[in-house]
Structures are given as C-alpha cells and as structure tokens.
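Here the sequence shown is numbered in our numbering, starting from 240 and rising by one per residue. Glycine included, C-beta positions come from ideal geometry on N, C-alpha and C. Quantities reported herein were computed from a predicted structural model and do not represent experimental measurements. Below is one structure, written out as structure tokens, with a few remarks after it.
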Amino acid sequence: MSSLISGSLDVLQQVFGYDSFRGDQQAIIEHVQEGGDALVLMPTGGGKSLCYQIPALLRPGVGVVISPLIALMQNQVDALIELGVKAAFLNSTQDWREAREVEQAFLAGELDLLYVAPERLLTDRCLDMLSQGRVALFAIDEAHCVSQWGHDFRPEYLQLSILADRWPDVPRIALTATATSETRREIAQRLQLTEARHFVSSFDRPNIRYRIVEKNEVRRQLLDFIQSEHPGDCGIVYCLSRARVEETAAFLCKSGIEALPYHAGLSATVRAENQSRFLREDGIVMVATIAFGMGIDKPDVRFVAHIDLPKSVEGYYQETGRAGRDGQPATAWLAYGLQDVVQQRRMIDDSPGEDVFRRRLGAQLDAMLGLCETVSCRRQRLLAYFDQQIEPCGNCDTCLEPPEAWDGTVAAQKIMSAVYRLWRERGQRFGAGHLIDILRGKQTERVQQYDHQSLSVFGVGADLSEQAWRGVLRQLLAQSLLSVDHEGYGTLALTDGSRAVLKGEKTLMFRRESEKKRAARAKTGSSRSKPEIVLPPEAQRRFEALRAWRAEVARSHGVPAYVIFHDATLREVALNCPQTLEELGRISGVGSRKREAYGDELLRCVRAV
Ligand code: ADP
Ligand code: ZN
C-alpha cells in the first residue's frame with residue numbers, strides 16, 4: 240500500500256471510501272495489527288471482511304485468507320482489485336500456470352491478500368511456499384465450519400490448528416456469523432484460539448423486518464409477497480427439498496418473476512451459472528436449498544423468504560442475514576403451518592444415529608417453533624437465542640401489528656378428548672384432517688364409514704373454523720402437547736404433557752392474527768407493513784441513469800454491478816448531486832481508487848439528467 244496511508248482510519252477512508260468504523264471493527268483491527276489473535280463473532284452483513292483486510296494492508300507481508308468458498312473467491316478478489324488492493328487466490332479452478340504466477344507474486348512480496356481454500360492450504364507445496372514468504376496474518380473465514388454439529392462442517396478445518404504450531408508469531412483471526420456460546424467454544428478449542436481475544440458484536444440487524452405468517456396456500460402467498468412488496472427486487476427463497484426448489488422456481492417463472500433454482504442435485508456447471516447470474520444481474524430471485532448462500536456477499540438482496548420451516552434458529556438467522564447487507568430496508572419472510580411441524584418431527588424421529596443427536600435436533604426445532612408462535616417481539620426472541628437482550632424492536636410483525644393472544648385451553652381439551660376417546664373407546668387413531676371434521680361436526684364419507692357422528696365429541700368444535708383448528712393443532716404439536724405417530728400415517732396421540740391440560744391444571748395462550756389485519760390484507764392483497772426506500776422523482780431519475788451507467792461498466796469489466804458501486808452509494812450520489820471530485824469523495828463507498836477511475840464519468844452522469 241502507499242506509504243502515505245498510516246492508520247486504520249486512513250485505510251478505511253481512502254481505500255474503502257467509508258467514513259467511520261462500525262461496532263467493534265476498529266478494536267479488532269488494532270488488536271490484530273499489533274499481533275494479537277482474535278475470534279470475531281458478527282452477524283452476516285456486520286462487516287467482518289474489513290477486520291482482516293485492513294490489518295493485512297497495515298502489517299508487513301501478505302494476509303492469507305482461508306475460505307471454503309472457492310466459487311466466490313474470484314468475486315472477492317475482483318472487488319478488492321477494483322479498490323486498488325493487490326489480491327489473488329489459489330484454488331482448484333486454476334491451471335498450474337496461473338497458480339504458479341500467483342505463487343511467484345506471493346514470494347516476491349507483491350501481494351496484499353491471498354485467498355486460499357483449506358484443502359489447498361494444507362498441501363505440502365502450499366505450506367512450504369508460505370514458509371518461504373512473509374505472512375502478515377491468517378484469517379480463518381466461516382470459522383464455524385470446524386463444528387461437527389453444524390451443516391457447514393468441513394473436515395479440513397479441523398487441521399487448521401497446524402497454523403498455530405508452524406507460525407506461532409503470526410496473528411490469527413477467526414470469523415463467523417454463527418454463534419451460540421457452544422459453537423464459539425468449539426471454534427476456540429479446535430482452532431487453538433483459547434488464548435485469543437473474543438469480540439462478540441451485537442447480532443441485531445435493525446434494517447431487516449422479520450415476518451412470520453400462517454401458511455395456507457404457500458405458493459400464492461409467496462407470489463403475493465414478492466409482487467406486492469418486492470417487485471423487481473433481488474431475493475432468495477429457501478425450501479427444504481430439491482423437488483420443492485424446482486417446482487417453486489418453475490411456478491415463479493410462470494408468474495413472470497425471474498427465478499433460478501439452486502440445489503446440490505444440479506450439476507456444478509448449472510450451479511455456477513445460476514449463482515453468477517444471481518450475483519451479476521439485477522432483480523433475480525434465487526430459489527434454493529440451504530446449499531446456497533454461505534459467503535454470498537451481494538449487498539442488495541432485498542428479501543429472504545422461507546417457504547418451509549428452517550430446522551434451527553441459528554440456521555434461520557444466518558439465512559435471513561443475507562438480506563440487506565447494505566443496511567437498507569429488507570424483509571425476512573417465513574410462512575409456516577401445521578404440516579411443517581408434522582414433517583419436521585417425523586424427520587427427526589426417522590433420522591439415524593444416537594438419541595443424543597435426535598434430542599439435540601428436537602431442542603433446535605422447539606426453539607424455532609417458539610419463535611414462530613411467540614406473541615412478543617420476534618427480534619427479542621431471536622437475539623435472546625444468542626444471549627443478547629433488547630427492547631421490543633418496532634420493526635417486526637408482532638411489534639407492528641400485535642397479534643391477539645387467546646385462551647385456547649378449552650379448544651385444546653376438546654381435541655385431546657377426541658384423540659383420547661377414539662383410542663380408548665374404539666382403538667382408533669386418526670390424523671389432523673379427520674379429527675377436525677369430527678370436532679366441527681362434518682358429515683364426511685369417513686365419518687359415516689366409522690360411525691363417528693355417535694361420538695360425544697362430534698360437533699363440539701363447530702364454533703371454530705377449520706383454519707382456526709389447524710392453528711390450535713399446530714400450536715399443540717409445537718409445544719409437544721400432542722404428538723404425531725409416524726409409521727407413515729401421521730396419526731395423533733396424547734403425550735405426557737396432555738394430562739395437565741385435560742385436567743384443567745394448565746392454561747394455554749395461543750397466538751392469533753388479529754381479525755382487523757386479516758381483513759385489511761384481504762382487501763389490499765398485502766400487508767401494509769412494507770419497508771420502502773423512496774427517493775424524490777428527480778433523484779430517482781438520476782439514480783436510474785447511474786444504475787444504467789454502472790451496468791455498462793460492470794459488463795465491460797466482467798464483475799457484478801455492486802463491485803463497481805453499491806446501490807446505497809449511487810442513491811446518495813443521486814440525492815446529493817456532487818459537483819466536484821472532492822464532493823464526490825465525501826460520499827460513503829467512494830474511495831480514492833474509485834474516485835480516480837470513475838469520478839469524472841459519475842459527475843457527467845449526474846449533470847446530464
Ligand atoms: P460480513 O460480516 O457478512 O462478512 P461484509 O464484510 O461483507 O460483511 O460487509 C457487509 C457490507 O457492509 C459490505 O458491503 C461492506 O462494504 C459494508 N461495510 C463494512 N464495514 C463498513 C463501514 N465501516 N462503513 C460502511 N460500510 C461498511
Ligand atoms: Zn419486534
């Protein structure tokens with residue numbers, strides 16, 4: 240780096256074009272710059288990259304970044320080069336000639352940052368090369384990949400403790416967005432970072448609006464949500480299975496939305512192609528399994544939707560965190576229903592392995608269900624999961640449109656006694672649909688076949704709609720006050736917890752969407768709680784012109800548009816109308832290299848509109 244730049248703030252302003260550090264960034268950077276080890280926990284989008292990039296620029300030698308995300312290294316390196324940083328990567332996508340060039344650049348001390356995949360790093364050739372050059376620091380990105388419990392487990396990560404042995408004097412910084420205290424202990428221990436200083440940031444992402452809705456016709460609900468709240472926006476839709484990814488992507492495409500599928504069953508070529516389109520084009524919706532997303536640093540993802548219940552709060556928080564990294568308003572939307580609970584409980588019961596493993600999955604699911612059914616602030620619940628406390632947030636569905644809590648004890652007793660009687664009196668078990676028919680007194684074929692109209696509970700629940708009953712059942716299953724017996728049929732049975740409810744020793748309060756809200760939505764087709772970014776018309780026109788200019792530049796450089804400038808930066812330019820290069824330089828996201836390269840064109844573009 241240029242010798243004119245001395246401190247970390249200088250680098251932030253001149254290279255990255257940002258005014259000030261966020262959260263713990265400065266403390267982390269200074270600690271590592273002075274040679275200390277660090278374990279950094281920050282939510283997705285919190286700004287982890289700068290925590291190793293800046294000390295790498297300030298310390299002599301090359302910063303070596305270990306990242307499991309080969310498919311994204313090219314992007315990360317391209318973005319750094321745009322900023323004027325000398326960066327390169329080593330991974331299996333290169334041929335030997337390209338790799339040798341990078342190695343030579345490293346040895347000649349010509350690099351600031353080198354990205355390496357863990358399996359590559361652990362080869363003798365690479366370790367030898369690193370010993371012959373000068374390493375400024377090791378950054379271990381996505382450090383939760385050492386955790387055998389998580390779904391991102393990478394066996395090679397376990398061997399990274401070798402770095403501590405071979406380079407005891409080189410600082411190491413491990414970073415992750417996945418952070419229960421358990422995961423954190425595991426990372427510290429396995430990476431030999433027990434002596435490292437821990438930096439735990441607030442996990443709050445205030446610009447993300449959390450919403451969890453009752454599922455009925457999920458595809459139509461998803462389409463409504465996208466069309467009414469995020470038309471033309473870039474987003475991610477998560478599904479649990481490959482088949483569901485395929486059918487949902489096809490459905491969205493048919494409805495006029497540019498959607499692409501992504502799951503582990505697609506060939507590597509198709510996955511790479513779809514990922515690259517998602518990153519490069521505007522307004523693509525990626526429909527994916529959880530195989531997609533780690534390390535995707537696209538800043539302008541405006542929504543993350545889940546149409547199946549995620550398996551844990553930890554996973555859900557990471558996935559939703561991919562929305563709104565640029566700090567602008569974004570939505571996390573989840574639709575969930577009775578069937579999700581039934582299906583997930585079944586998957587857990589059927590999963591192979593030891594009981595302790597199943598218990599752990601069960602506890603994770605319970606926490607997720609607790610979040611879905613809560614009548615208090617969603618964000619409070621989410622952050623409590625990471626041991627952090629906040630006041631009610633004012634930017635989630637429960638804060639904005641408080642649900643009604645209602646006493647569902649009697650309803651629960653009715654269902655439970657129906658289950659009990661069928662079993663005691665007739666030795667029969669049935670699934671949710673038929674039980675609801677009995678309670679509502681519906682004369683179906685099956686009711687007649689089994690003479691269920693003669694049961695004393697027949698018709699005792701006519702006061703609640705079918706949907707309301709599904710809600711009751713869902714909440715009972717969520718709290719394990721009823722269980723589903725699988726064997727492939729999904730029949731309902733009482734649990735140990737049912738007794739207290741039946742005996743009237745326990746009151747149950749359930750969540751219900753307020754009727755007013757339901758009515759309002761039926762009228763307008765959507766929720767009124769839509770996060771918006773509004774520019775005055777003049778500025779909006781300039782913004783559009785700037786985006787068109789950016790698209791051209793990005794295409795000719797072969798990089799995603801956000802690598803040139805973020806939307807947030809262009810929006811600020813459109814709003815403030817800078818007249819000189821100096822004024823332009825004061826806008827967040829315009830560093831010295833970009834001002835030099837694009838400043839004149841930007842000013843011309845602003846003047847022309
Ligand atoms: P993550 O923690 O998920 O790795 P990133 O490092 O990708 O997050 O940062 C998220 C976004 O925030 C990026 O677009 C980055 O440029 C931006 N950012 C990071 N630090 C700052 C800062 N101090 N000021 C302004 N923007 C920042
Ligand atoms: Zn809230």
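The alpha helix (DSSP H) runs lying completely inside the stretch 436-478 and spanning 4 residues or more are 457-468, given in chain order. DSSP places Tyr837 outside any beta strand (DSSP E); the residue lies instead in the alpha helix (DSSP H), whose first and last residues are 831-847. When beta bridges are read from the DSSP output, Pro500 appears opposite Val526.
Judged by DSSP secondary structure, Tyr801 falls within the alpha helix (DSSP H) whose first and last residues are 800-803. Assignment of Ile426 by DSSP, reduced to helix, strand and coil, places it in the helix class. Residue pairing by DSSP puts His545 in a beta bridge opposite Tyr477, Leu573.
Rounded to whole angstroms, Arg786 and Glu822 show a C-alpha spacing of 20 Å.
The beta-carbon distance between Ser615 and Thr637, rounded to whole angstroms, is 6 Å. This is short enough to meet the 8 Å contact definition. Here Met748 is exposed, its C-beta having fewer than 16 other C-beta atoms within 10 Å. Exposure of Ala847 is indicated by the presence of fewer than 16 other C-beta atoms within 10 angstroms of its C-beta. In this structure, the ligand ZN has no non-hydrogen atom nearer than 7 Å to the beta-carbon of Cys611.
Contact between the stretch 650-666 and the stretch 473-485 is absent: fewer than three C-beta pairs spanning the two stretches fall below 8 Å. With contacts defined by Cβ atoms closer than 8 Å, Val699 and Leu720 do not form a contacting pair. As the crow flies, the alpha-carbon of Arg336 is around 15 Å from that of Leu346. Going by beta carbons, Arg618 and Leu610 fall outside the 8 Å limit. For Ala813, the secondary structure class from DSSP, reduced to helix, strand or coil, is helix. Contact check for Thr734 against Phe669 fails: the beta carbons are separated by 8 Å or more.
Under the three-state reduction of DSSP output, Glu643 falls in the strand class. Annotation: Ile826 is outside any beta strand (DSSP E) and is labelled neither H nor E by DSSP. For Asn634, the shortest C-beta to heavy atom distance toward the ligand ZN is below 7 Å.
Judged by beta-carbon spacing, Cys635 lies within the 8 Å limit of Arg450, meaning their Cβ atoms are closer than that value. Every alpha helix (DSSP H) stretch that sits fully inside the stretch 358-426 and reaches 4 residues is listed by chain position as 363-371, 401-405. Straight through space, the alpha carbons of Gln583 and Glu705 are spaced by roughly 22 Å. Here Leu352 really is in contact with Ala295; their C-beta atoms are around 5 Å apart, less than 8 Å. Considering only Asp404, Thr570, Ala800, Gly828, the residue with the shortest C-alpha distance to Val812 is Gly828.
Taking the Cα positions, Ala574 is about 12 Å away from Leu462. DSSP lists Tyr449 as the bridge partner or partners of Cys635.
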